[in-house]
Amino acid sequence: MSVDFLQLANPGIQGLMPYQPGKPIEELERELGITNIIKLASNENPLGLSDAAKEAVAAELAQGGRYPDGGGVQLKQSLSARLGVMPAQITLGNGSNDVLELIARVFANPEAEVVFSQYSFAVYALVTQAVGARAVAVPAVKWGHDLTAMAAAVTPATRLIYLANPNNPTGTWFGKDELIQFMEQIPADVLVVLDEAYIEYSEDADFPDGIELLPRYSNLIVTRTFSKAYGLASMRVGYAVSNPQIADLLNRLRQPFNVNSFALAAANAVLADDDYLQRSIETNRQGMRQLQTGLESLGLSYIPSAGNFIAVDVQKEGMAVFQSLLQEGVIVRPVANYQMPNHLRISIGLQAENQRCLDALGKVLGL
Ligand SMILES: *Cc1c(COP(=O)(O)O)cnc(C)c1O
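Residue 1 is where the sequence shown starts when you use our numbering, and the numbers rise one by one after that.
(1) Are residue 303 and residue 143 close, meaning C-beta to C-beta below 8 Å?
(2) In the DSSP output, what is residue 158 paired with across the bridge?
(3) So, is residue 74 buried or exposed, given that buried needs 16 or more other C-beta atoms within 10 angstroms?
(4) Would you report the Cα separation of residue 25 and residue 329, rounded to the nearest angstrom?
(5) Going by DSSP, what residues sit across from residue 172 in a beta bridge?
(6) Find out if the Cβ-Cβ distance for the pair residue 427, residue 340 is shorter than 8 Å.
(7) Give me the Cα-Cα distance between residue 217 and residue 205, rounded to the nearest whole angstrom.
(8) Taking just the CA atoms, how far does residue 65 sit from residue 134?
(9) In terms of residues, what are the limits of the alpha helix (DSSP H) holding residue 209?
(10) Does the Cβ of residue 172 lie closer than 7 Å to at least one heavy atom of ligand 1?
(11) DSSP beta-bridge partners for residue 239?
(12) Helix, strand or coil for residue 259, going by three-state DSSP, please let me know.
(13) With DSSP collapsed to three states, give me the class of residue 144.
(14) Pull the bridge partners of residue 310 from the DSSP assignment, please.
(15) Tell me the DSSP secondary structure of residue 216 in three-state form.
(16) Enumerate in chain order the residues of its own chain whose CB-to-CB distance from residue 12 is below 7 Å, with the five nearest sequence positions on each side excluded.
(17) If you measure between the beta carbons of residue 377 and residue 138, is that distance less than 8 Å?
(18) Rank 153, 96, 42 by C-alpha distance to the C-alpha of residue 240 and give the top, closest one.
(19) Determine whether the beta carbon atoms of residue 259 and residue 71 lie at a separation below 8 Å.
(20) Measure the alpha-carbon distance for residue 238 versus residue 2 and round it to whole angstroms.
(21) Could you spell out the range, first to last residue, of the alpha helix (DSSP H) harbouring residue 321?
(22) Flag this pair as touching only if the stretch 286-301 and the stretch 81-97 have three or more C-beta atom pairs under 8 Å; answer yes or no.
(23) May I ask whether a heavy atom of ligand 1 can be found less than 7 Å away from the beta carbon of residue 175?
(24) Have a look at residue 176 and residue 214 and give me their C-alpha separation to the nearest angstrom.
(25) If residue 169 and residue 276 are in contact, beta carbons under 8 Å, what's the gap, nearest whole angstrom?
(26) Less than 8 Å between the beta carbons of residue 228 and residue 45, yes or no?
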């Protein structure tokens with residue numbers, strides 16, 4: 001008997017499309033037989049792993065045969081001191097992706113609605129569908145979250161709202177007053193997840209800090225990550241900060257050892273390395289300016305971004321331009337899967353990488 005396992009899968013899983021990661025450098029090298037490839041496709045930190053993180057990981061190897069500290073006590077203490085919250089408010093995750101999914105698994109179900117914005121981070125739709133909840137994607141305004149429309153989309157069935165500030169892949173952001181006005185309209189029993197994966201890069205004085213708003217809104221969950229400004233993308237460590245009761249619930253479902261020892265050690269080390277963070281921010285600031293200026297000279301428009309990436313309108317099918325850029329040894333991110341077929345998302349790299357990307361774009365577009 002031949003079994004169609006698709007029919008056996010849970011309904012939410014049957015229609016699921018896997019998350020599309022950026023193309024790895026090694027894979028392209030093998031395909032094209034070329035070297036010296038640059039990757040500006042996954043919003044990774046172009047400075048690479050900090051020395052402090054490398055040393056912490058190396059020192060951890062001696063204990064590599066043991067389970068990690070499942071409570072992440074030390075890292076939670078460091079974060080607690082840094083953020084001015086109680087350790088009991090923190091849920092550590094295998095990347096913030098892990099906590100974004102945990103939240104959906106704890107609070108959403110097939111009777112629930114989950115609200116997020118058009119063009120927002122793909123993981124929100126993915127975890128919503130995985131738990132069988134109904135996704136309510138609210139049309140964006142100027143590529144960004146329409147918070148007024150999102151508040152209006154709340155119904156008695158709404159359990160969760162995902163907000164990304166700034167959003168990936170658009171880089172759009174909203175200000176503090178807008179966020180407060182939004183929170184004031186949301187019923188206290190609807191959870192708002194504020195994904196601040198790129199908050200360290202924000203320069204706008206009006207950019208909200210979700211942690212500051214936690215005492216005011218017990219239904220707010222803020223998520224952050226070590227993958228971007230802290231340069232630990234490969235390690236997989238992120239976290240949620242919420243009221244302790246929510247943290248307790250997330251903790252019940254969390255895998256007991258969801259953050260490994262090397263990630264814990266690296267995160268602790270990099271959190272204490274303020275110099276690395278400042279260099280990350282400064283490299284991004286300069287690179288963002290360089291790319292913006294370069295794109296303007298090429299006559300290409302882009303969406304203003306508060307992240308470490310920029311979405312560029314290439315005025316034709318982005319997928320084809322992406323392919324041509326690969327031939328030049330430059331990996332960027334097509335975003336057709338976000339209904340943005342004419343855009344490419346370019347992560348901010350080091351100066352020479354940004355220049356190569358601009359040169360390659362000019363060449364393949366004939367500009
Ligand atoms: C990169 C990213 C994340 C999380 O990445 P992790 O590596 O899982 O911490 C979360 N949200 C957004 C919007 C991102 O772009």
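For glycine and all other residues, C-beta sits at the position ideal for the given N, C-alpha and C.
Working from what's here:
(1) yes
(2) Per DSSP, the beta bridge partners of residue 158 are 113.
(3) Classification for residue 74: exposed.
(4) 9 Å
(5) None; residue 172 has no bridge partner.
(6) Outside the modelled stretch of the chain, which goes from 1 to 367, sits residue 427, for which no answer is possible.
(7) 22 Å
(8) 43 Å
(9) Note, residue 209: premise wrong, no alpha helix (DSSP H); not H, not E.
(10) no
(11) In the DSSP output, where bridge partners are listed per residue, residue 239 has 92, 224.
(12) coil
(13) strand
(14) 346
(15) coil
(16) 129, 130, 131, 132
(17) Nothing about residue 377 can be reported from this structure: the residues present for the chain run from 1 to 367 only.
(18) 96
(19) no
(20) The alpha-carbon atoms of residue 238 and residue 2 are separated by roughly 42 Å.
(21) That run of the alpha helix (DSSP H) goes 318-327.
(22) no
(23) no
(24) 13 Å
(25) Their Cβ separation, rounded to whole angstroms, is 25 Å, which puts residue 169 and residue 276 out of contact at 8 Å.
(26) Yes, the pair counts as a contact, with Cβ atoms nearer than the cut-off.
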